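In this text, residue positions in the sequence shown follow the numbering used here: the first is 161, and each later residue adds one.
Written out below as structure tokens is the structure these notes cover.
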Amino acid sequence: MWRVAGLVGLVYLATIRPGQRWGDDFAQYVHHARNIATGVAYAETGYIYNPHNPSIGPRTYPPGFPLLLAPVVKVFGLDFRPMKVLVVVCFVGALLLMPRVFRRDLPKPYLIALIL
Numbered sequence: 161m162w163r164v165a166g167l168v169g170l171v172y173l174a175t176i177r178p179g180q181r182w183g184d185d186f187a188q189y190v191h192h193a194r195n196i197a198t199g200v201a202y203a204e205t206g207y208i209y210n211p212h213n214p215s216i217g218p219r220t221y222p223p224g225f226p227l228l229l230a231p232v233v234k235v236f237g238l239d240f241r242p243m244k245v246l247v248v249v250c251f252v253g254a255l256l257l258m259p260r261v262f263r264r265d266l267p268k269p270y271l272i273a274l275i276l
């Protein structure tokens with residue numbers, strides 16, 4: 161399992177692209193992380209919430225992912241590559257955790273397929 165997850169992680173690390181697509185809510189997560197890293201109030205992102213169209217996005221996002229990103233932002237600033245590396249590390253960790261969660265319910269070949 162470790163080898164497969166490690167190989168998947170290496171492929172993902174080798175194919176990280178520079179920059180970021182701008183059509184997503186990533187900016188608010190990154191801004192929350194920057195606020196945590198710099199001691200600014202969590203909700204002070206500059207996002208103007210529209211109560212008449214709440215489906216666009218919430219006032220604030222939950223702090224779990226920004227808490228993971230905050231040390232990376234503190235050390236590397238707003239460099240997306242280290243943030244993406246962190247996401248890959250979390251993904252590989254999830255791949256390694258999934259077979260343990262499902263080991264009672266699935267035979268070993270399915271567990272290997274689960275992480276592919």
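For every residue, glycine included, the Cβ atom is placed at its ideal position computed from N, Cα and C.
As the structure is a prediction and not an experimental result, all values here were calculated from the model.
Given that a residue counts as buried once 16 or more other Cβ atoms are within 10 Å of its Cβ, and exposed if not, what is P226?
Its Cβ being crowded by 16 or more others within 10 Å, P226 is buried.
Do the segment 265-274 and the segment 233-243 touch if we need at least three Cβ pairs shorter than 8 Å?
Here the segment 265-274 makes no contact with the segment 233-243; the two share fewer than three CB pairs at distances below 8 Å.
Hey, quick one: how far does the alpha helix (DSSP H) through W162 stretch, first residue to last?
Note, W162: alpha helix (DSSP H), W162 to A174.
Separation of Q180 from P218, as counted between CA atoms:
Cα to Cα, the separation comes out at about 21 Å.
Contact belief for Y202 with I196 at Cβ below 8 Å, rounded distance in angstroms:
Y202 to I196, Cβ: 7 Å. Contact.
Might you give, ordered along the chain, the residues of its own chain that have their beta carbon closer than 6 Å to the beta carbon of H191, omitting 5 neighbours on each side?
Same-chain partners within the cutoff: T205.
Report the three-state DSSP secondary structure of Q180 (helix, strand or coil).
Q180: coil per DSSP, three-state reduction.
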